[in-house]
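The structure appears below as structure tokens.
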Amino acid sequence: SQQGEEDPQALSIQEGENATMNCSYKTSINNLQWYRQNSGRGLVHLILIRSNEREKHSGRLRVTLDTSKKSSSLLITASRAADTASYFCATALNSGNTPLVFGKGTRLSVIA
Amino acid sequence: DAGVIQSPRHEVTEMGQEVTLRCKPISGHNSLFWYRQTMMRGLELLIYFNNNVPIDDSGMPEDRFSAKMPNASFSTLKIQPSEPRDSAVYFCASRLIAGGADTQYFGPGTRLTVL
Chain A
86 SQQGEEDPQA LSIQEGENAT MNCSYKTSIN NLQWYRQNSG RGLVHLILIR SNEREKHSGR
146 LRVTLDTSKK SSSLLITASR AADTASYFCA TALNSGNTPL VFGKGTRLSV IA
Chain B
16 DAGVIQSPRH EVTEMGQEVT LRCKPISGHN SLFWYRQTMM RGLELLIYFN NNVPIDDSGM
76 PEDRFSAKMP NASFSTLKIQ PSEPRDSAVY FCASRLIAGG ADTQYFGPGT RLTVL
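As you go down the protein sequences, you meet chains A and B in turn. Under the numbering used here, the first residue of the first sequence is numbered 86, with each subsequent residue one higher. Under the numbering used here, the first residue of the second sequence is numbered 16, with each subsequent residue one higher.
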């Protein structure tokens, strides 16, 4: 079953604008992670936020987590053409080695 | 570190042929995952191993699919016989959970085309 669902499915913005992608999930989690996939490549880990955290930053990335609403958002500020990619959220249900559950992704296009 | 290594990067074969995909995980990672990605179905988990032991293969679509991990540094995914609907990109990933970090590293993928 699909745990994480990203929204929107596709997003097109101008270079310099901010991009916001959302992820909703269904069950309690240990942590939530965001990954990026460039066309023809494997997924790359971007950032992890734990269930007891509400916000996290990494460079131009800002992730929020609302466990009461079972949702997370990924904000990319001052977007660049190189940010064009698909972005996936993945949930870890516990702290062990059970698999991450990936959503279907948001396809972001940044137009120069 | 070279990251997760997969071979071949591209495979074109005819229906009915056997296909073997290979993966070398990152040294020290104790979990290995095989995924399949298509436009229609997205990213699907096929099977995963912890400490070289298969834990859950419920994602393997049919008996035509099999996976092995004979040691900590090598895994194979085999399709026999292959069918056109098996055409997809197959990813291997290894995962490290340590010191509060939890990161999954994906290989570059094998693009399989079955004619």
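Idealized CB from N, CA, C, for every residue including glycine.
Given residue i, which residues of its chain have a CB within under 6 Å of its CB, disregarding the five upstream and five downstream residues?
i: Gln87 of chain A; result: Confidence at Gln87 of chain A is low in this model, with a pLDDT of 42, below 50, so the placement of that residue is unreliable and no value is reported for it.
i: Asn107 of chain A; result: Asp92, Ser158
i: Lys83 of chain B; result: Thr91
i: Asp101 of chain B; result: Ile94, Val129
What does DSSP give as the partner residues of residue i in its beta bridges?
i: Tyr63 of chain B; result: B:Phe48, B:Asp71
i: Met106 of chain A; result: A:Leu159
i: Asn137 of chain A; result: Answer by DSSP bridge pairing: none, since Asn137 of chain A is not bridged.
i: Asn148 of chain A; result: The amino acid at residue 148 of chain A is misidentified as Asn; the sequence shows Val. Val148 of chain A is bridged to A:Lys141, A:Leu159.
i: Leu128 of chain A; result: A:Gln122
i: Ser90 of chain B; result: B:Cys38
Are the CB atoms of residue j and residue i within a distance shorter than 7 Å?
i: Ala95 of chain A; j: Arg165 of chain A; result: no
i: Val19 of chain B; j: Ile41 of chain B; result: yes
i: Ile98 of chain A; j: Val195 of chain A; result: yes
i: Leu185 of chain A; j: Ala177 of chain A; result: yes
i: Phe89 of chain B; j: Tyr50 of chain B; result: no
i: Gly57 of chain B; j: Gly127 of chain A; result: no
i: Leu47 of chain B; j: Ser109 of chain B; result: yes
i: Thr105 of chain A; j: Leu160 of chain A; result: yes
i: Val104 of chain B; j: Arg79 of chain B; result: no
i: Val27 of chain B; j: Thr128 of chain B; result: yes
On the three-state DSSP scale, how would you describe residue i?
i: Asp168 of chain A; result: helix
i: Arg56 of chain B; result: coil
i: Asp101 of chain B; result: helix
i: Pro40 of chain B; result: coil
i: Val186 of chain A; result: strand
i: Ser143 of chain A; result: strand
i: Leu111 of chain B; result: strand
i: Leu193 of chain A; result: strand
i: Ser113 of chain A; result: coil
i: Glu33 of chain B; result: coil
i: Gln87 of chain A; result: Since pLDDT at Gln87 of chain A reaches only 42, below the 50 mark, its modelled position is unreliable, and no value is offered.
Please report the residue range of the beta strand (DSSP E) in which residue i lies.
i: Asp117 of chain B; result: 116-121
i: Pro85 of chain B; result: 80-86
i: Gln99 of chain A; result: 95-99
i: Asn116 of chain A; result: 116-122
i: Thr125 of chain B; result: 125-129
i: Gln21 of chain B; result: 20-22
i: Glu26 of chain B; result: 25-28
Which same chain residues end up closer than 7 Å to residue i when comparing Cβ atoms and leaving out the 5 residues on each side of it in sequence?
i: Lys155 of chain A; result: Ser109, Tyr110, Lys111
i: Met75 of chain B; result: Leu61, Ile62
i: Thr116 of chain A; result: For the sequence presented, residue 116 of chain A should be read as Asn rather than Thr. Cβ neighbours of Asn116 of chain A beyond the five flanking positions: Leu133, Ile134, Arg135, Ser136, Ala177.
i: Ser180 of chain A; result: Asn115
i: Ser81 of chain B; result: Lys93
i: Lys141 of chain A; result: Ile132, Ile134, Val148
i: Thr53 of chain B; result: Ala103
Might you give, ordered along the chain, the residues of its own chain that have their beta carbon closer than 8 Å to the beta carbon of residue i, omitting 5 neighbours on each side?
i: Glu33 of chain B; result: Lys93, Ile94, Gln95, Pro96, Ser97
i: Ser143 of chain A; result: Leu131, Ile132
i: His44 of chain B; result: Ser109, Arg110, Leu111, Tyr120
i: Glu100 of chain A; result: Ser164, Arg165, Ala166, Val195, Ile196, Ala197
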